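>
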Amino acid sequence: MTQRYTRPLGQLLLIGSLALAAVACTKSNEETPAPENDYYPVTVGTYRTYAVTDSLWRDNVLTVQQFQFRERVAGTFTDASGQTAYNVIRSRRATATEAWQDDSTLVLLPTDRTLQQIRNNRRTVELVFPTRTGYSWNRDAYNALDTVTAQNRQYQQVGESYTVNGRTYERTVTTTDTELNTATGTTLDDGLYNVAKYRQVYAQGVGPVARVRRRFVYCGTGNCVPSKTNIYRGQVRRETLLETGNL
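Mature numbering (1 follows the signal peptide of the UniProt record, and there is no 0) puts the sequence shown at residues -21 to -1, 1 to 226.
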């Protein structure tokens, strides 16, 4: 006769409870990754202040201007597609002691898949999710510069640290652009007569922490031999994050 051993009900309940507790503990200790769109968090009442340096060349003569920009999220509205859109007001001042003067506005439309921006009536795809190093997309998919096949913005250095103004951000993504002529839709950067580059760095949980735009024209009218030491027209604008907060 085969004997069969049966645990008391109390022991079975205890074992089951311990197993469930172990599973719950394991799940609670797992790190929950931050959402991808946390690279550009948008919340009404928040602001970001940037130090701006404008370097301008005219006939190889350089002048430099320095000032500050503040971008504050002023409110929300529902756009024509039913999405929640955020109004952002850009203000400018020459020094940290002066009052802010409103300069311009833009609109941000964050979703689970993209972060879009409308500025000067032009909609651009600023970020796409998920982020992957080397991935490129059509920044102008929703505006008149759309060429259907264009891949004019690319991710670089995804997940790497970045230091600016003495602060290190542990996890960032960088985007680089192929700049276009807004009138013709053709590239501005031929590597010889013209240089046009745009680079943005976004820190997770913070948003944009650095922007650099470079545009150079090495030859004016008539016959010209381009030289990187002789800038006919040029501009380098650097925007670096100083602080963030709530108003």
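By construction, the Cβ of each residue, glycine as well, lies at the ideal position given by its N, Cα and C atoms. As the structure is a prediction and not an experimental result, all values here were calculated from the model.
If you run the structure through DSSP and keep just helix, strand and coil, what is residue 173?
The residue given as residue 173 occupies position 194 in the sequence shown. Strand at residue 173.
> Measuring straight from C-alpha to C-alpha, what distance separates residue 205 and residue 175?
Sequence index remark: in the sequence shown, residue 205 carries index 226 (1-based). Sequence index remark: in the sequence shown, residue 175 carries index 196 (1-based). Each residue's alpha carbon lies about 15 Å from the other.
> With burial defined as no fewer than 16 other Cβ atoms inside 10 Å of the residue's Cβ, what is the status of residue 109: buried or exposed?
Counting from one through the sequence shown, the residue named residue 109 turns up at place 130. Label assigned to residue 109: exposed.
> Can you list, in chain order, the residues of its chain with a C-beta nearer than 8 Å to that of residue 92? Leave out the 5 residues immediately preceding and following it.
The count along the sequence shown starts at 1 and reaches residue 92 at position 113. 107, 108.
> Indicate whether residue 85 and residue 72 have their beta-carbon atoms separated by less than 8 Å.
One-based indexing of the sequence shown puts residue 85 at position 106. One-based indexing of the sequence shown puts residue 72 at position 93. No.
> With residue 43 and residue 23 assumed to form a contact (beta carbons below 8 Å), what rounded beta-carbon distance in angstroms separates them?
Taking the sequence shown and counting its residues from 1, the one referred to as residue 43 is at position 64. Taking the sequence shown and counting its residues from 1, the one referred to as residue 23 is at position 44. At roughly 35 Å, the Cβ-Cβ gap does not stay under 8 Å, so residue 43 and residue 23 are not in contact.
> Grouping DSSP H, G and I as helix and E and B as strand, with all else coil, what is residue 18?
Taking the sequence shown and counting its residues from 1, one reaches residue 18 at position 39. Residue state, collapsed to three classes: helix.
> Along the chain, where does the beta strand (DSSP E) that runs through residue 141 open and close?
Residue numbering aside, residue 141 sits at position 162 when the sequence shown is read from its first letter. Unbroken beta strand (DSSP E) run through residue 141: 132 to 143.
> If you drop the 5 nearest sequence neighbours on each side, which residues of the same chain put their C-beta closer than 8 Å to that of residue 221?
Translated into positions along the sequence shown, residue 221 becomes position 242. Taken in chain order, the residues that qualify are 28, 29, 30, 47, 144.
> Decide yes or no for the touch test of the region 108 to 122 against the region 191 to 201: beta carbon pairs closer than 8 Å, at least 3 of them.
The region 108 to 122, when compared against the region 191 to 201, does not touch it at the 8 Å Cβ threshold.
> Run through the DSSP bridge pairs and tell me what residue 220 is partnered with.
Counting from one through the sequence shown, the residue named residue 220 turns up at place 241. Residue 220 is bridged to 29.
> Rank 81, 168, 146, 134 by C-alpha distance to the C-alpha of residue 152 and give the top, closest one.
For the purposes of this step, residue 152 is taken as residue 173 along the sequence shown, with counting starting at 1. The residue with the shortest Cα to Cα distance from residue 152 is 134.
> Which same chain residues, not among the five before or five after residue 213, have their C-beta less than 6 Å away from its C-beta?
Position 234 of the sequence shown, counted from the first residue, corresponds to residue 213. Around residue 213: 36, 195.
> Helix, strand or coil for residue 204 per DSSP?
Numbered from its first residue, the sequence shown carries residue 204 at position 225. Coil, per DSSP.
> Only counting the same chain, and skipping five residues up and downstream in sequence, which positions put a Cβ closer than 8 Å to that of residue 147?
Locating residue 147 in the sequence shown gives position 168, where the first residue counts as 1. Correct list, in chain order: 140, 141.
> Looking at the structure shown, is residue 199 part of a helix, part of a strand, or coil, going by DSSP?
The residue given as residue 199 occupies position 220 in the sequence shown. Of the three classes helix, strand and coil, the one that applies to residue 199 here is coil, per DSSP.
> Less than 6 Å between C-beta atoms, sequence neighbours within five positions excluded: which residues of the same chain meet that for residue 25?
In the sequence shown, counting from the first residue as 1, residue 25 sits at position 46. Around residue 25: 52, 225.
> Using beta-carbon positions only, say whether residue 227 and residue 82 come within less than 8 Å of one another.
With the chain covering -21 to 226 only, the question about residue 227 has no answer from this structure.
> Could you compute how far the alpha carbon of residue 216 sits from the alpha carbon of residue 114?
Within the sequence shown, residue 216 is the residue found at index 237, counting from 1. Within the sequence shown, residue 114 is the residue found at index 135, counting from 1. Between residue 216 and residue 114, the C-alpha separation is close to 25 Å.
> For residue 131, which of 219, 104, 211, 77 has the nearest alpha-carbon?
Against the sequence shown, residue 131 aligns to sequence position 152. Answer by Cα proximity: 104.
> Rounding to the nearest angstrom, what Cα-Cα distance links residue 21 and residue 203 in this structure?
Position 42 of the sequence shown, counted from the first residue, corresponds to residue 21. Position 224 of the sequence shown, counted from the first residue, corresponds to residue 203. Looking at the two C-alpha atoms, the distance is approximately 47 Å.
> I'd like to know whether the C-beta atoms of residue 178 and residue 137 end up nearer to each other than 8 Å.
Against the sequence shown, residue 178 aligns to sequence position 199. Against the sequence shown, residue 137 aligns to sequence position 158. No, they are not a contact pair.
> Take the Cβ of residue 64 as the centre, count every other Cβ of all protein chains shown within 10 Å, and call the residue buried at 16 or more, exposed below.
Start at 1 with the first residue of the sequence shown, and residue 64 comes out as number 85. Buried.
> Taking C-alpha atoms, which residue in 149, 173, 94, 90 lies nearest to residue 207?
Your numbering for residue 207 matches position 228 in the sequence shown. Considering only alpha carbons, the answer is 173.
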